[in-house]
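Some notes on the structure that comes next.
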Amino acid sequence: MIIEQLDEPLPGSILPTLGGSWYTDPDVFALEQERIFSTQWMCVLRADDIPGAGDYRLVQVGREQVVVSRNRRGEIRAFLNVCRHRGMRVCTEPAGTARKFQCGYHAWTYDLDGRLVAAPNLTRMPDVDRDAYGLRGVAVHEWMGYVWVCLADSPPSFTETVLGELVTRLGEAETFDAWQVADLRLGKRIAYDVHANWKLIIENFMECYHCATIHPELTEVIPEFADGWAAQTYVGRGAEFGEGVEGFTVDGSAGVAPLPLLAADQERRYFAVTIKPSVFVNMVPDHVVVHRMFPTAVDRTYVECDWLFLPEVVEAGTDVSRSVELFDRVNRQDFEACERTQPAMSSAAYADGGSLVPAEHHIETFHAWVREQLA
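Throughout the sequence shown, residue numbering follows the UniProt record's numbering, covering 1 to 375 in sequence.
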């Protein structure tokens with residue numbers, strides 16, 4: 001391993017992690033819901049998941065359940081799933097198509113823009129402002145073919161926060177355009193219910209010190225990962241495929257049709273970006289893998305993972321199983337490691353935290369960000 005080849009220990013080669021209570025304390029998780037998940041841009045679904053007027057899907061964002069839908073003009077809207085009368089859930093099914101949203105308690109009815117349009121005896125209450133008593137709206141932004149929402153009354157700059165992560169990782173946001181993510185189509189989606197704190201999953205994704213131990217298939221495709229240094233360690237650099245490896249597949253065989261706009265230095269390489277607080281984007285020559293995390297408890301995280309390919313690949317019914325299987329195995333290996341780590345977070349041995357070796361030092365910037373958000 002590269003670390004073992006160093007002649008002298010690096011100055012400050014061990015950095016501390018967050019203490020164990022950061023991963024187990026319900027009060028910490030409640031504060032994260034308030035100051036992170038309720039204030040940051042969260043990627044909740046692919047725009048194609050609600051293709052037509054009236055189509056909707058329920059998503060959990062922090063402590064809030066949000067209805068994401070399209071109005072009659074096809075525009076995406078988002079609302080808190082709470083009737084403004086007595087608070088019943090307006091939508092009870094996880095997804096569907098509606099001509100209007102009606103509360104099942106007292107029949108308060110809202111149009112697809114969230115405006116109150118009907119209620120028993122409403123005409124006798126002319127002082128009721130139908131906009132003011134409409135469903136409470138949530139800020140929406142569409143990017144990368146996905147719908148992003150922010151619960152904050154004054155959302156942070158999307159450019160500075162979300163797109164800023166691309167600059168941090170790739171050197172400039174425009175580099176990301178070569179993968180044409182918004183134009184790709186969903187080839188496969190797999191959901192994972194991970195019994196681990198969301199920060200353990202983020203930390204795992206950011207480093208590859210563990211890759212030689214638990215990812216045999218991945219290190220066969222990208223041998224440099226066996227040295228412990230993750231793609232995210234470097235700005236603008238992707239991890240190179242091994243000699244004789246034809247594609248990012250479970251057996252290293254050729255993948256499907258390559259993305260046409262990639263530059264020479266983006267071919268035969270794997271790039272990864274962490275978009276705090278809950279999105280991972282993985283880019284390879286012929287597809288993109290997007291993880292969206294939904295923290296549901298201090299020790300529970302729901303993850304949806306999308307494999308995206310060129311439209312012609314999906315429309316032709318091309319077999320993408322070898323591409324999907326590689327990252328599905330990586331996901332399951334990673335999530336098992338996180339689940340086996342979670343119980344030890346409450347141990348006295350981890351009360352003051354653990355250690356970050358040089359190949360993991362960039363994780364400290366994530367820890368600093370979490371501390372800053374909760375301060």
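Ideal placement from N, C-alpha and C gives every residue a C-beta, glycine not left out.
Distance, residue j Cα to residue i Cα
i, j, result
"D251", "T24", "38 Å"
"A368", "F205", "17 Å"
"T175", "R268", "16 Å"
"Y56", "E75", "12 Å"
"T39", "V245", "43 Å"
"T168", "A272", "11 Å"
"Q266", "E240", "9 Å"
"A182", "D306", "13 Å"
"W41", "V279", "10 Å"
"A107", "M125", "15 Å"
"L18", "P277", "16 Å"
"L170", "P223", "21 Å"
"D352", "C103", "49 Å"
"Q33", "L151", "11 Å"
"A230", "S346", "28 Å"
"T159", "D153", "17 Å"
"V313", "V289", "15 Å"
"T92", "H361", "44 Å"
"Y209", "G354", "14 Å"
"Y234", "L200", "21 Å"
"A53", "R72", "5 Å"
"T301", "N121", "44 Å"
Cβ-Cβ distance between residue i and residue j below 9 Å
i, j, result
"G228", "A359", "yes"
"L80", "Q180", "no"
"V320", "H291", "no"
"G134", "D113", "yes"
"T109", "L116", "yes"
"R35", "L374", "yes"
"F327", "T318", "no"
"residue 385", "R70", "A question about residue 385 goes unanswered here, because the residues of the chain that appear run from 1 up to 375."
"V66", "V138", "yes"
"R185", "E315", "yes"
"E203", "F101", "no"
"F248", "P216", "no"
"A173", "L163", "yes"
"G242", "E220", "yes"
"H294", "V68", "The identity of residue 294 in the sequence shown is Phe, whereas the question assumes His. Result no, Cβ atoms of F294 and V68 do not sit closer than 9 Å."
"Y146", "C43", "yes"
Classification of residue i by the beta-carbon crowding that lies within 10 angstroms, buried from 16 upward
i, result
"V149", "buried"
"M283", "buried"
"V128", "exposed"
"D299", "buried"
"L6", "Because the pLDDT of L6 is 37, which lies under 50, any placement of that residue in the model is unreliable, and the question is left without a value."
"A30", "exposed"
"N331", "buried"
"I14", "exposed"
"E207", "buried"
"V45", "At residue 45 the sequence reads Leu, which differs from the Val that was named. Looking at its Cβ environment, which holds 16 or more other Cβ atoms inside 10 Å, L45 is buried."
"Y270", "buried"
"L261", "exposed"
"S253", "exposed"
"S323", "buried"
"T213", "exposed"
"A349", "exposed"
CB contact below 9 Å: residue i versus chain D
i, result
"C150", "Absence of chain D from the displayed structure is noted, only one protein chain being present."
**Report entry** Runs of alpha helix (DSSP H) wholly within the stretch 190 to 242 (minimum 4 residues, chain order)
**Finding:** If we require 4 residues or more, the alpha helix (DSSP H) runs fully inside the stretch 190 to 242 come out as 198 to 206, 211 to 214, 216 to 221.
Query - Runs of beta strand (DSSP E) wholly within the stretch 231 to 295 (minimum 3 residues, chain order) - result: Listed in chain order, the complete beta strand (DSSP E) runs (minimum 3 residues) inside the stretch 231 to 295 are 269 to 275, 279 to 283.
Query raised in the report: Of all the alpha helix (DSSP H) runs that stay within the bounds of the stretch 15 to 102, which reach a length of 4 or more residues?
Result: Within the stretch 15 to 102, the complete alpha helix (DSSP H) runs of at least 4 residues are 26 to 32.
Query raised in the report: With contact counted as at least three CB pairs below 8 Å, one residue from each stretch, are the stretch 321 to 341 and the stretch 196 to 216 in contact?
Result: Contact between the stretch 321 to 341 and the stretch 196 to 216 is present: three or more C-beta pairs spanning the two stretches fall below 8 Å.
Query - In chain order, each alpha helix (DSSP H) run of at least 4 residues that lies wholly inside the stretch 104 to 190 - result: Within the stretch 104 to 190, the complete alpha helix (DSSP H) runs of at least 4 residues fall at 158 to 170.
**Report entry** Contiguous beta strand (DSSP E) assignments of at least 3 residues, all confined to the stretch 300 to 329
**Finding:** Listed in chain order, they are 300 to 309.
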